[in-house]
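Visitor: Using my numbering, you'd call the opening residue of the sequence shown number 62 and step up by one each time.
I'd like to ask you about the structure that follows.
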Amino acid sequence: MRFLLVDSILELEPGKRIVAEKRVAAAEDYFPDHFPGYPIVPGVLLVEMIAQAGGKCLMAAIGSTRWPILLQVIRANFRKTVKPDSVLRIDVSIESCNERTAVAHGHISCQGARAADSSLTYGFIAKSLLTANFEDEVLSNFLAAKGNSR
62 MRFLLVDSIL ELEPGKRIVA EKRVAAAEDY FPDHFPGYPI VPGVLLVEMI
112 AQAGGKCLMA AIGSTRWPIL LQVIRANFRK TVKPDSVLRI DVSIESCNER
162 TAVAHGHISC QGARAADSSL TYGFIAKSLL TANFEDEVLS NFLAAKGNSR
C-alpha cells in the first residue's frame with residue numbers, strides 16, 4: 062500500500078491554511094477487509110489525510126531543513142461514513158507554530174457534508190534524516206504550477 066493520502070492541493074497559504082483533495086478509489090487496498098461487503102474508509106486514514114495535508118502546509122512555510130511529523134492526535138471525530146469512489150475535500154488551518162511544534166485543526170468534507178475532523182500536534186525532524194533529495198511530490202507539483210519553489 063502506498064501511503065500517500067493527499068492527491069492534490071487546491072489552495073495554499075503556507076504555514077496558515079491548505080485545502081487539498083483525495084479521490085478514494087474503489088480499488089484501495091484496505092476495502093476488502095474494512096469491511097467485507099460494506100467497504101468504508103478507516104477513520105485512522107481520515108485522520109492521516111488531515112495530518113498529511115497539514116504537514117504539506119507546514120512544509121511550504123518552514124524551509125528545507127525541517128520536516129513535520131505527527132506527534133499527537135488531540136481529538137478526532139468521525140461524522141459520516143466515507144465509501145469507495147468518494148471525492149474528499151481536506152481543509153486544515155495551522156493554529157500555532159514555533160521552532161519545536163505546530164498545532165492544526167482540520168476537517169474532511171464528502172459531498173458537502175462533514176465526514177471527519179481532528180486537532181493535531183506536529184513536531185519537526187531534520188530533513189537530512191530522510192532519503193537524500195526527497196521532496197514531497199504533491200507539494201512540489203502545486204508550487205511548480207504556481208511558479209513558486211521552496
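Positions of the beta carbon are idealized from the N, C-alpha and C atoms, including for glycine.
What are the boundary residues of the alpha helix (DSSP H) that Leu204 is part of?
Guide: Here the question's residue 204 lines up with position 143 in the sequence shown. Start and end: 198 to 206.
Visitor: Considering only C-alpha positions, which residue in the set Ala206, Val134, Asn209, Leu66 is nearest to Leu181?
Guide: The residue labelled residue 181 in the question sits at position 120 within the sequence shown. Considering only alpha carbons, the answer is Val134.
Visitor: Here's the rule I'm using: 16 or more other beta-carbon atoms within 10 Å means buried, otherwise exposed. How should Gln113 be labelled?
Guide: Here residue 113 refers to the residue found at position 52 when the sequence shown is read from its first residue. Looking at its Cβ environment, which holds 16 or more other Cβ atoms inside 10 Å, Gln113 is buried.
Visitor: By alpha-carbon positions, which one of Val199, Arg136, Phe185 ends up nearest to His168?
Guide: Numbered from 1 along the sequence shown, position 107 holds the residue referred to as residue 168. Of the candidates Val199, Arg136, Phe185, the one whose C-alpha sits nearest the C-alpha of His168 is Arg136.
Visitor: So, Val143 versus Cys171, is the Cβ gap smaller than 7 Å?
Guide: Walking along the sequence shown from the start, residue 143 turns up at place 82. Walking along the sequence shown from the start, residue 171 turns up at place 110. In contact: Val143 and Cys171 (Cβ atoms closer than 7 Å).
Visitor: Please confirm whether Val67 and Val199 have their CB atoms less than 7 Å apart.
Guide: One-based indexing of the sequence shown puts residue 67 at position 6. One-based indexing of the sequence shown puts residue 199 at position 138. It is a contact, given that the beta carbons lie within the stated cut-off.
Visitor: Can you tell me where the alpha helix (DSSP H) holding Gly115 begins and where it ends?
Guide: Counted from its first residue, the sequence shown places residue 115 at position 54. Taken as a continuous stretch (DSSP letters only), the alpha helix (DSSP H) holding Gly115 covers 104 to 123.
Visitor: The beta strand (DSSP E) spanning Thr126 covers which residue range?
Guide: In the sequence shown, residue 126 corresponds to position 65, counting from 1. Neither: Thr126 is in no beta strand (DSSP E) and is coded neither H nor E.
Visitor: Using the three-state DSSP reduction, which class does Leu190 fall into: helix, strand or coil?
Guide: One-based indexing of the sequence shown puts residue 190 at position 129. Three-state result, Leu190: helix.
Visitor: How about Lys77 and Ile155: are their beta carbons less than 7 Å apart?
Guide: Position 16 of the sequence shown, counting from 1, holds the residue named residue 77. Position 94 of the sequence shown, counting from 1, holds the residue named residue 155. In this structure, Ile155 lies closer than 7 Å to Lys77 by Cβ.
Visitor: From Asn194, Leu191, Thr192, Ile151, pick the residue whose C-alpha is nearest to that of Ala174; which is it?
Guide: Here the question's residue 174 lines up with position 113 in the sequence shown. Nearest option by C-alpha distance: Ile151.
Visitor: Might you give, ordered along the chain, the residues of its own chain that have their beta carbon closer than 7 Å to the beta carbon of His95, omitting 5 neighbours on each side?
Guide: On the sequence shown, residue 95 is found 34 positions in, with the first residue counted as 1. Closer than 7 Å at Cβ, skipping near neighbours: Ile101, Pro103.
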